[in-house]
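Asks: Below you will find the structure I want to go over with you.
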Amino acid sequence: MTLTATHANAGPASRHLRPRCSDHSPALSQSHTARPRVAATGRSALMAGVLGLALLSPLMASDAEARELSVSTVLSDAFPWGQAAEKWAELVEERSGGELTLRVYPNAQLVAGDQTKEFSAMRQGLIDLAVGSTINWSPQVPELNLFSLPFLMPDHAAIDALTQGESGKQVFAAIESKGIKPLAWGENGFREVSNSSKSITSPDDLKGLKIRVVGSPLFQDTFTALGANPTQMSWADAKPALTTGAVDGQENPLSVFDVARIDQVGQTHLTLWHYMADPLIFAANQRVWKSLSEQERTLLTETAREAGAWEIAMSREGNAQRLADIEARGVNVVKLDEDAMQTFRDATQSVYASWTPKIGESLVETARAEVEASR
Ligand code: X2X
Numbered sequence: 091m092t093l094t095a096t097h098a099n100a101g102p103a104s105r106h107l108r109p110r111c112s113d114h115s116p117a118l119s120q121s122h123t124a125r126p127r128v129a130a131t132g133r134s135a136l137m138a139g140v141l142g143l144a145l146l147s148p149l150m151a152s153d154a155e156a157r158e159l160s161v162s163t164v165l166s167d168a169f170p171w172g173q174a175a176e177k178w179a180e181l182v183e184e185r186s187g188g189e190l191t192l193r194v195y196p197n198a199q200l201v202a203g204d205q206t207k208e209f210s211a212m213r214q215g216l217i218d219l220a221v222g223s224t225i226n227w228s229p230q231v232p233e234l235n236l237f238s239l240p241f242l243m244p245d246h247a248a249i250d251a252l253t254q255g256e257s258g259k260q261v262f263a264a265i266e267s268k269g270i271k272p273l274a275w276g277e278n279g280f281r282e283v284s285n286s287s288k289s290i291t292s293p294d295d296l297k298g299l300k301i302r303v304v305g306s307p308l309f310q311d312t313f314t315a316l317g318a319n320p321t322q323m324s325w326a327d328a329k330p331a332l333t334t335g336a337v338d339g340q341e342n343p344l345s346v347f348d349v350a351r352i353d354q355v356g357q358t359h360l361t362l363w364h365y366m367a368d369p370l371i372f373a374a375n376q377r378v379w380k381s382l383s384e385q386e387r388t389l390l391t392e393t394a395r396e397a398g399a400w401e402i403a404m405s406r407e408g409n410a411q412r413l414a415d416i417e418a419r420g421v422n423v424v425k426l427d428e429d430a431m432q433t434f435r436d437a438t439q440s441v442y443a444s445w446t447p448k449i450g451e452s453l454v455e456t457a458r459a460e461v462e463a464s465r
């Protein structure tokens, strides 16, 4: 049995009789009309009109109120990210006694694969809930670029110091000011760089390499500062581009490299440089949020926190084994020493100069102080 098969079968969704994880749901336009929540709302309005609310029996009333909310993710439950969303759904269903269900739509399918549109789609009400990466939402929420500043967070303690500290509060406030209710943190992980041609041990090695990067323009600046040739594309396009050699490299957490079998598309060199990590954020569209009872809001928040904490721990614990598996498959793994790390930090200083004003001077200062205090 291959590792891919193990991971693919290990998702929490496999415990449900009814498929929860809708891999084949319609994309953006259709999904809007097909969403059961809309239908349920229409039905209850009709029933209220015909019968009068006072005449509804408690049973009918609860039938009409049972709701299903959509949850968008980029990665499926073969990955910790998708498992976080499935865990959330599982806890909500259990604790609401089935009154509230979450249906997870992975692979950014509710935005036709364009993960940088997820935040906007949630804001517009095309998506009810999401577990999204700070990277993918940063085009709409500049403060989220904080986590992408190169080499800001050296270790897990630093990530926690930000998400659990004052920086995290400010970031959540920024999200809320954009019309989305943030509920809890998860984690995609430290993003390590891979390529198909050589060991990357210094910025010089990146010169001229075409690297696939994600949606925020900050990544263009980081890889340009390092002398590479960055190309922005969605996750859906990344593996094909690596396969054909349209790009030489990519950067993603070990869990993504491992589960997506990036080694099988020629990525034989992997450098562990921990240059940034993308937290995940559990969040809700404000209109949906306001329509929920106090009890339902508490339920969604508590279960999101539990699912997030569970996923963070599980994904961190899994990293050592993932690395061993990746090395066992013949990938050449480079671990940088302190001097080498410093050459990368020095080479990316310009990113701080251009991005600190966009993120917010005081937020960057707060974050730096919180990282320092965590050491
Ligand atoms: O596109 C990526 O690289 C991914 C899957 O890690 C994110 O969505 C940020």
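When you line the sequence shown up against the working numbering, it's residues 91 to 465, in that order.
C-beta atoms are modelled at their ideal positions from N, C-alpha and C, and glycine is treated no differently.
Buried or exposed for Arg-377, please, with buried defined as at least 16 other CB atoms from any protein chain shown within 10 angstroms of its CB.
Replies: The residue is exposed, with fewer than 16 neighbouring Cβ atoms inside 10 Å.
Asks: Which residues mark the beginning and the end of the alpha helix (DSSP H) in which Gln-205 is found?
Replies: Run containing Gln-205: none; DSSP gives neither H nor E here.
Asks: For Met-366 and Phe-237, which I take to be in contact (beta-carbon distance under 8 angstroms), what is that distance rounded to the nearest angstrom?
Replies: Between Phe-237 and Met-366 the Cβ distance is about 6 angstroms, and since that is below 8 angstroms, they are a contact.
Asks: What is the C-beta distance between Ile-50 and Gly-305, in whole angstroms, given that I count them as a contact (C-beta under 8 angstroms)?
Replies: Because the chain spans 91 through 465 in this model, residue 50 falls outside it and cannot be assessed.
Asks: Whole angstroms is fine: what's the gap from Gln-411's alpha carbon to Asn-422's?
Replies: Going by the C-alpha atoms only, they are around 16 angstroms apart.
Asks: Based on the DSSP output, what are the partners of His-359 in its beta bridges?
Replies: DSSP, once it has assigned bridges, lists Asn-285, Asn-422 as partnering His-359.
Asks: Beta-carbon separation of Ser-383 and Ala-251 under 7 angstroms?
Replies: In this structure, Ala-251 does not lie closer than 7 angstroms to Ser-383 by Cβ.
Asks: Quick one: residues with CB closer than 6 angstroms to any heavy atom of ligand 1, in chain order, please.
Replies: Answer in sequence order: Val-164, Leu-165, Gln-205, Ser-223, Ile-225, Asn-226, Asn-278, Val-304, Trp-325, Asn-342, Val-346, Asp-368.
Asks: Quick check on DSSP: helix, strand or coil for Asn-197?
Replies: The answer is coil: DSSP assigns Asn-197 none of H, G, I, E or B.
Asks: Count the other C-beta atoms from every protein chain shown that fall within 10 angstroms of the C-beta of Ser-267, then say buried if there are 16 or more, exposed otherwise.
Replies: It counts as exposed.
Asks: Can you check which of these residues, Gln-439, Thr-334, Ser-186, Asp-338, is closest to Leu-296 by C-alpha distance?
Replies: Among Gln-439, Thr-334, Ser-186, Asp-338, the Cα nearest to that of Leu-296 belongs to Asp-338.
Asks: For Asp-436, count neighbouring C-beta atoms within 10 Å of its own C-beta (all shown protein chains included) and say buried if the count is 16 or more, exposed if not.
Replies: By the 10 Å Cβ count, Asp-436 comes out exposed.
Asks: So is Lys-448 buried or exposed if we call it buried at 16+ other beta carbons inside 10 Å?
Replies: So Lys-448 counts as exposed.
Asks: Who are the near neighbours of Gly-172 in its chain, counting only those whose CB is closer than 6 angstroms to its CB and skipping five residues on each side?
Replies: Excluding positions up to five away in sequence, the list reads Thr-163, Leu-165, Ser-166, Pro-196.
Asks: In terms of DSSP beta bridges, what is Thr-321 paired with?
Replies: The partner list for Thr-321 (beta bridge, DSSP) reads Arg-302.
Asks: Strictly by DSSP, which residues pair up with Asp-368?
Replies: DSSP output for Asp-368 lists Gly-279 as bridge partner(s).
Asks: Does the Cβ-Cβ distance between Gln-340 and Arg-302 come in under 7 angstroms?
Replies: The answer is yes: Cβ separation under 7 angstroms.
Asks: Kindly give me the distance between the Cβ atoms of Ile-265 and Arg-213, rounded to whole angstroms, as I take these residues to be in contact under 8 angstroms.
Replies: The pair is not a contact, with the Cβ atoms about 10 angstroms apart (cut-off 8 angstroms).
Asks: Measure the CB-CB distance between Asp-368 and Ser-210 and report whether it falls below 7 angstroms.
Replies: No, the Cβ-Cβ distance between Asp-368 and Ser-210 is not below 7 angstroms.
Asks: Just to check my reading of the structure: Leu-453 and Ser-257 have Cβ atoms closer than 8 angstroms, yes? What is that Cβ distance to the nearest angstrom?
Replies: So it is a contact: roughly 6 angstroms between Cβ atoms.
Asks: Taking just the CA atoms, how far does Glu-386 sit from Asn-181?
Replies: For the record, residue 181 in the displayed sequence is Leu; it is not Asn. One C-alpha to the other measures close to 12 angstroms.
Asks: Could you tell me the alpha carbon to alpha carbon distance between Glu-233 and His-359, rounded to whole angstroms?
Replies: Cα to Cα, the separation comes out at about 32 angstroms.
Asks: Check Val-182 in the structure and name its three-state DSSP category.
Replies: Of the three classes helix, strand and coil, the one that applies to Val-182 here is helix, per DSSP.
Asks: Bridge partners of Val-161, per DSSP?
Replies: Answer by DSSP bridge pairing, in chain order: Val-194, Leu-219.
Asks: Only counting the same chain, and skipping five residues up and downstream in sequence, which positions put a Cβ closer than 8 angstroms to that of Gly-335?
Replies: Ser-286, Gly-356, listed in sequence order.
Asks: Could you tell me the distance, in whole angstroms, from the CA atom of Asp-427 to the CA atom of Thr-291?
Replies: Their Cα atoms are separated by approximately 9 angstroms.
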